[in-house]
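Report on the structure given below.
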Amino acid sequence: MSTDTASASIDRRVVDLTNLRRLCNIWRMKGDRIVFTNGCFDILHRGHVEYLQEAAALGDRLVVAVNSDASVRRQGKGPDRPLNDESSRAKVLAALRLVDAVILFDEDTPLALIKAIVPDVLVKGGDWPVERIVGAEVVMAAGGEVRSLKLVDGFSTTALVDRIRRG
229 MSTDTASASI DRRVVDLTNL RRLCNIWRMK GDRIVFTNGC FDILHRGHVE YLQEAAALGD
289 RLVVAVNSDA SVRRQGKGPD RPLNDESSRA KVLAALRLVD AVILFDEDTP LALIKAIVPD
349 VLVKGGDWPV ERIVGAEVVM AAGGEVRSLK LVDGFSTTAL VDRIRRG
């Protein structure tokens with residue numbers, strides 16, 4: 229596969245809401261189980277990869293919603309966050325074979341996206357109890373499943389940034 233072909237394939241995985249709905253409809257017609265997760269994914273690390281692998285194993289298609297730069301800044305993660313811009317973070321995630329679609333969102337939560345596609349499985353990291361996961365009620369009301377996956381100890385972007393700053 230040429231570099232141009234590989235890049236085009238990755239770029240097609242970063243979608244807008246219209247195309248995400250279309251993809252979800254196609255996948256559902258095929259009987260695929262859609263898994264949805266979201267986050268900043270500022271610096272991709274082992275914790276992210278293991279989390280995404282576990283999420284992907286819960287279904288046939290994995291959709292990752294990525295906080296826009298403005299959304300990350302509103303979360304109060306620090307004045308210099310995100311370190312990587314939204315299009316870079318989306319492209320890195322889209323390059324992972326286990327990710328079927330990436331969508332950026334500018335809101336503080338992905339609730340509108342969850343309502344728009346109503347995934348079969350909604351997943352967040354273990355620091356989110358199921359009852360606090362945004363969109364859980366939407367997914368469960370449709371007969372779906374909501375999971376809080378165990379975090380990989382010692383791996384977080386905040387901890388990694390702190391370690392880099394300390395030298």
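Using our numbering, the letters of the sequence shown map in sequence onto residues 229 to 395.
Every residue, glycine too, gets a C-beta built ideally from N, C-alpha and C.
If you're wondering where the values come from, they're calculated on a predicted model, not measured in any experiment.
Outcome for residue i when other beta-carbon atoms lying within 10 angstroms are tallied against a minimum of 16
i	result
ILE254	exposed
GLU314	buried
VAL294	buried
LYS378	exposed
SER316	exposed
GLY287	buried
ASP244	exposed
Residue i - DSSP class collapsed to helix/strand/coil
i	result
ILE271	coil
ASP335	Checking the sequence shown, residue 335 turns out to be Glu, not Asp. Looking at GLU335 - three-state DSSP - the assignment turns out to be coil, as it is neither helix nor strand.
ASN312	coil
SER376	strand
LEU280	helix
ALA285	coil
Enclosing alpha helix (DSSP H) for residue i [first to last residue]
i	result
LEU245	245-257
Residue interval of the beta strand (DSSP E) (run including residue i)
i	result
VAL294	289-295
VAL367	Not the beta strand (DSSP E): VAL367 falls in the alpha helix (DSSP H), residues 364-369.
LEU350	349-353
Nearest-angstrom beta carbon gap, residue j and residue i [assumed within contact, 8 Å]
i	j	result
LEU339	GLY363	5 Å
VAL320	LEU280	Between LEU280 and VAL320 the Cβ distance is about 11 Å, and since that is not below 8 Å, they are no contact.
VAL291	LEU248	7 Å
On the three-pair Cβ rule with 8 Å, is the stretch 364-383 touching the stretch 324-333? Using a C-beta cut-off of 8 Å, the stretch 364-383 makes no contact with the stretch 324-333, since fewer than three inter-stretch Cβ pairs fall below that distance.
Is it true that the stretch 345-353 meets the stretch 259-274, where meeting means three or more beta-carbon pairs spaced less than 8 Å apart? Pairwise C-beta distances place the stretch 345-353 in contact with the stretch 259-274, as three or more of them are shorter than 8 Å.
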